[in-house]
Each structure stands twice: as C-alpha cells, then as structure tokens.
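Under mature numbering (1 follows the signal peptide of the UniProt record, and there is no 0), the residues of the sequence shown are numbered -21 to -1, 1 to 657, in order. Below is one structure, written out as structure tokens, with a few remarks after it.
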Amino acid sequence: MKATGLISLWTLVSLPCGPLASPAEREDVVKHAIKLHRGKGAVITQRKQWVLESCRKLSGLLRQKNVVLNKLKNAIRAVEKDAGLSDEEKLFQVHTFEIFQKELNESENSVFQAIHGLQRALQGDYKDVVNMKESSRQRLEALREAAIKEEMEYVELLAAEKHQVEALKNMQHQNKSLSMLDEILEDVRKAADRLEEEIEEHAFDDNKSVRGVNFEAVLRVEEDEASSKRNASKREVEDDLGLSMLIDSQNNQYILTKPRDSTIPRADHHFIKDIVTIGMLSLPCGWLCTTIGLPTMFGYIICGVLLGPSGLNSIKSIVQVETLGEFGVFFTLFLVGLEFSPERLRKVWKISLQGPCYMTVLMIAFGLLWGHLLRIRPTQSVFISTCLSLSSTPLVSRFLAGSVRGDKEGDIDYSSVLLGMLVMQDVQLGLFIAVMPTLIQAGVSTYSSIFKEILRILILIGQILFSLAAVFLLCLVIKTYLIGPYYRKLHTESKGNKEILILGITAFTFLMLTITELLDVSMELGCFLAGALISSQGHMVTEEIMCCIEPIRDFLAIIFFASIGLHVFPTFVIYELTVLLFLTLSVVIMKFVLAVLVLSLILPKTSQYIKWIVSAGLAQVSEFSFVLGSRARRAGIISREVYLLILSVTTLSLLLAPALWRAAIMKCVPRPERRSST
C-alpha cells in the first residue's frame, strides 16, 4: 500500500518540485500527481485514499512553511527597526529567527532528497554491486553533509544562547547601579571574550573546503568507570574539555591534539596511564631477562607484547608511545656519537661508507634473483631486500655499551667499524624513504617510463650526497669555531646547576637533528654527529655529559623497546613458526655471509679478525623495517601477508641477535675484554 503511494509521489521528483521551486509550483505538482494517479483508472480504494491524504498533507505543510517564512522575514525587519532593543538583544532575536528559517528549509530538502533516493534505489539493479555501491556512497555523502549542517546549526544555537545571556546581563546592568567589583568583573568578561575571539582559529570552517578533506562519521566514546555516578560526572567534564576518544569507520582512534579554548590546561589521561603501566611492568620483565641471562631490552619488548594488541590491549595511545620512544633512539645515538670521536671516525670512514653500500647492492641483487624465480614484482623485491639489509643501531649500541674500544696500537677496533657502518645505514634509511614515492610510481609505470624513473632516482641520490656534503662541512665549521666556546659557556653557567648543562646539550642535539632533517638526511645522523662533535672536547667533557644524559636515555629506551613489542604478534608467529624460522635463519645467515665477504675485501689485513664480530652485529634486521613496512603497505607496494612476514622475521632476528653476538665475542675477543663486551 505504501509502496504504491511512494511510486505515485515519484512525480514530485520528476517535475520541477525541487527545493528551489516556488510554493505555487509545488502545489501544482501535488495536484498533477493526483490527476496522474486517477488517470490510470484506479478504483477508489484504501490505497488511493492513502495517496490523496499523503499528497494533501505534503501540500499543506509546504503552504504552511511558506507562511511561516514570510512571518519570520517580517519579524526580522521589525526587530531591526525596534529602537527600544539593545544591539545584543537584536542580534539574539535575529539570529534565532534565521536559525529557524534554516531548519524549515533543511527539513523540506530532506523530504525531497528521501524521495530522490528511493526512486534511484528502485530503478537500480539489485544484482549490480557497483550500482548499489555508488548509491550507498551518494547516500553516505548526503548524510555527511546533513550531519555537518546540523552540527553548524547546533553551534549557531549555542552562539544565540550566548547572545541571549549577554542581552539579559545588559538589561540587568541598565536597571541597577554596579558596584566597583561588578564593573571590574564586567571588564574582565569583555577582555576574556576578546581573547577567545583572537586565539580561536576556526579550523573547521577554514579546512572543510580544502582540497583532499573528507567528511567522515566518527564515534565519540568515554572511558568506562565502575561507578555510574562518577562516569556521569566525568562525562560532563570531558564534554567540556574535549578529552573523549573518536573512532572512525576504519577503526582508527583519535585523541585531542589542540583544543578550541587554549586558555584551559588539559592532559591526555590515556597517555599518562600508558606510560605509567609500561614503567611498572618493565621492571619485572627486565628483572626476569637479567635472571636468565638475556639483555634487559628483551624484557621491555616482552612488556610491550603483554600490553599491546596481541596481549591485554591496554595501551590506548600507541602512536604517542611510539613517538616518545623515538626520543630514546635519538639519545641512544647521541651517546654512541659521544663515545665515537672524530679521530676514530676519520680512521674508519672509508669502510663505513663502502661496507653498507656493497651489502645493500648485494642484498638487492639476491632479492631480484629470488623475486624473478618466485615471480615477485621487481618493486616488491627491491623494497623487501632493502628493508632486510638494514640493521638495528639501538640494539648494537646496547651490545657495545661499556666495551673496550681498542685491541692493538694502530689496529681498527670492531666497535668503530660496526658503529660507522650502522650510522651509514641510517643515512641509507633516509635515502630510501626519499626514494619510496618514486618506487611507488615505478610499480604502476609502463616500460616506456622506466628511464624517467631511473633518472629521477639518480637525481634523488645526487641530492642526498649533496646534503651529506653540506652536513659534514657544517660539522667541520662547528667543530673548529663554535663547539668549544659553546661548551665552555655552558660549563660556566651550570656550576651548581646541572639542568642548564642538560638543557644546553639537548638543545644542541635537537639543533643538529633539525638541520639533518631539513637537508633530507636521517634525523638519527644528526644526533650521532652532535655526540661526536661534543666528544672532540676531551675525555673529561664526555664523562660529565654522559653522567647527565644516560638516565634520560635509559628511561626513553625502555619506552622505545616497549613500543617495538606493541607490533609483535605471537599468535601469528606460532601459526607460521616453521616458515618464519626458515625465513629468519635464511636472512640472518645471508646477511652474515655477505658481511663477511664484503669486510674481507675492504678491511686491512691486520684487522681481518674483526670481520666475524662486525658481521655478527649486522646479522639482524632493523626495527625501522616496521616503519618502512607500514608505509609500503599503505602505498600498496607490499601486501598484508608480506608486511606481517617482515614484522615477524624482524622480531625473530632481533631475538637471535644476542646469541650470535655472544658466540662471535667468545670466538674472537680475548678473555680480558670479553666480560665488558657482553
């Protein structure tokens, strides 16, 4: 019965009856729809009666709506001419009338949009998934626009309510004399209103029309509390402070980054709880690893596994935890550079430059060969090979912490070679991130454009080499003219107050980090160079700064290794344990053999014995493969399955690294040095 009536109402859509049509035209449309229905020879039944009543009701509502609109227009003109009303009261009343006008127009538009949508759905083919998807997308866009309009109307109502309050206050002030305190408070209120207007950015209105901005539906959720009363009161507070969590249709979770009202201090309690939980659970996990003879960093990784998505899933601010953990990498590399003087850097710079380049080229060559045999796309083979060629700088830095640095007079010690090669790999990481957009385009390019892509990659390599030259030239200038006076000034000002020294060293580290980042070189390289420049001031300076920075590094390193554990999925590893063990052992053995081969060619004959230790330090996969893998998965270079394989192989290789390192130390390092190296 209703379907017949709605079919008859289609004529309201096919004729000029849209939202822009005049009231007379719409009434004619309704009458014409009734005539068409009668013209089909339909018997006067209950269905016909329903159609007639529905059309008459719609026509009556449209006429009533136009009468109300005319009355509202007259009321607005009357308010504007009323001299007895204050400006605030006029603004409030006019604003209220305009909001009601919009409400009437939007309600009318919604009726005709619903009829359009029903007609479009009935005319489509229910077997055509593409057509149904397009119809669903159009309905979703209409709902998003309606939601945005309703949100804007609600904001306007809040503004109108504010104008009403101001109008009432002005009337009260006119009827009574104000005390001195009331006058002061009134001036403060006006100044506060001006301040809010000045600092408010109108980010929503400014960005909603920007290209690439999409309207999406999100859920706003509050944290569950045991007490319902406490939950209700907390919800009222969070509604004002904007501390709720938003979840979109893709299950991405968002938290507040910048509030509308910047005068009220706020804190992300989810992030605070996450850091507190990691700190408390890291202690027993680290203790357990120390008891069984494993490095404490594996206890921190286990802590991340237990708290992450594969465990209790109690970490809410995963991105924020990972961001804070990145500072652990920065300070770790700063301390590595602090122990890595420029003199030692000059001694091994050729090996540090040649070794990683040769290893990366060989890994890519083997990857392309296996990719050809297994029919894998070249872009995917290049990406996987490059990811696996990188090694973990923070992990090896922990291995080398406190180790003896030299063996014989004139020889090259393994720590210098190993750290130099790892830093060069960090530079390669920055280069690879810069080349990734070209790699993405190469995956969809035709053979006619391959030459252009190769040329573009060569240009990028040239830019990176130029940036490296600029960085090292800047370091030379800083070492010669600036770092000495800068540290002496810090040392003078920090007597009896270590915070000035810590702040000065941290600021210098962040300055070098910013410079290398602006030059499109790895930020980690900037931190390493900052430590190396400060170490040029002597052993006493190095010891003093290390005592201040090491506690900060240790705490942030705990967060970093725990953030790695957030991306470890034990269930997936257990399901595919045989395949993953085979792949991991293959990667570790291949990297070890390639490193031994390359170092045999570039090391001096007197230092050939260190190739086993250096190769053992390089025979694992860097944790930055998580970052590269996530970017490649979003870009479509690799599939979800390949991404999970990279994560699992990386995790297992990091777990095998301590055993391989200890074996190499036991074989190659003399007994007096062995204790400090392990």
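Even glycine gets a Cβ: it sits at the ideal position worked out from N, Cα and C.
Proximity winner among the options, relative to residue i (alpha-carbon distances)
i	options	result
ILE618	ARG356, PHE551, GLU496	One detail in the question is off: residue 618 reads as Ser in this sequence, not Ile. The shortest Cα separation from SER618 among ARG356, PHE551, GLU496 belongs to ARG356.
PHE411	ILE481, THR339, ASP253	THR339
LYS81	VAL520, LYS44, TYR233	LYS44
GLU503	GLU32, GLY316, TYR133, ILE484	GLY316
PRO549	VAL621, GLY290, LEU48, LEU497	GLY290
ARG123	SER89, ASP499, VAL500	SER89
LEU597	GLN587, LYS570, ARG612, LEU312	LYS570
PHE313	PHE487, ALA170, ASN230, ILE644	PHE487
THR585	TYR393, SER33, ALA642	TYR393
ALA614	GLY463, LEU367, PHE362, LEU635	PHE362
ASN230	ASP247, ALA246, HIS249, ARG199	ARG199
CYS647	LEU560, LYS477, TRP591	TRP591
PHE250	GLY304, VAL558, ILE280	GLY304
PRO583	LYS329, CYS506, GLU529	LYS329
GLY608	GLU523, LEU367, LYS36	LEU367
Residue i, DSSP secondary structure in three states
i	result
LEU303	helix
ILE234	coil
ASP61	coil
VAL600	coil
VAL200	strand
PRO549	helix
ILE438	helix
ASP227	strand
ASN84	helix
VAL500	coil
GLY287	coil
GLU555	coil
SER296	coil
GLN92	helix
ASN53	helix
ARG377	helix
LYS474	coil
ILE484	helix
VAL22	Note that VAL22 scores a pLDDT of 47, beneath 50, so its modelled location is shaky; the value from the coordinates is reported in the next line. Note: VAL22 maps to coil in three-state DSSP.
LEU369	coil
ALA246	coil
LEU582	coil
ILE644	helix
Whole-angstrom distance between residue j and residue i, CA atom to CA atom
i	j	result
ASN53	GLU85	20 Å
PRO238	LEU225	14 Å
VAL327	LEU469	31 Å
MET403	GLY475	39 Å
GLU59	ASN49	16 Å
ALA595	GLU318	21 Å
VAL73	ASP253	49 Å
ALA138	MET131	11 Å
ARG214	ILE94	Confidence is the limiting factor: at ARG214 the pLDDT is only 46, short of 50, which leaves the residue's position unreliable, though a coordinate-based value still follows. Between ARG214 and ILE94, the C-alpha separation is close to 39 Å.
VAL547	LEU235	27 Å
PHE71	LEU101	45 Å
LYS69	SER223	36 Å
ILE257	LEU286	8 Å
GLY(-4)	GLN299	Confidence is the limiting factor: at GLY(-4) the pLDDT is only 43, short of 50, which leaves the residue's position unreliable, though a coordinate-based value still follows. In a straight line, the C-alpha of GLY(-4) is about 49 Å away from that of GLN299.
ILE581	GLY399	14 Å
SER33	VAL47	21 Å
ILE391	SER331	12 Å
LYS27	ILE55	42 Å
GLY334	VAL109	53 Å
CB contact check: residue i to chain B, cutoff 9 Å
i	result
ASN231	Any reference to chain B falls outside this structure, which holds one protein chain only.
Residue j beta carbon less than 9 Å from that of residue i
i	j	result
PRO637	LEU273	yes
PHE91	LEU51	no
GLY407	CYS336	This sequence places Gln at residue 407; Gly is not what is there. Yes, these two residues count as a Cβ contact at 9 Å.
THR358	ILE616	yes
LEU578	VAL567	no
GLY307	PRO373	yes
PHE309	LEU492	yes
LEU633	GLN599	yes
VAL500	ILE443	yes
LEU31	GLU87	no
ILE481	CYS527	yes
GLY463	SER473	no
LEU136	ILE78	yes
LEU631	LEU559	yes
**Inter-stretch contact (C-beta, 8 Å, three-pair minimum) for the stretch 540 to 557 and the stretch 507 to 522** = Counting Cβ pairs under 8 Å, fewer than three are found: no touch.
Practice problem: May I ask you to verify whether the stretch 234 to 251 touches the stretch 261 to 271, counting CB pairs closer than 8 Å and requiring at least 3? | Solution: Touching, no, given that fewer than three Cβ pairs across the two stretches are closer than 8 Å.
With three or more C-beta pairs closer than 8 Å as the rule, is the stretch 292 to 299 touching the stretch 516 to 533? No, the stretch 516 to 533 is not in contact with the stretch 292 to 299.
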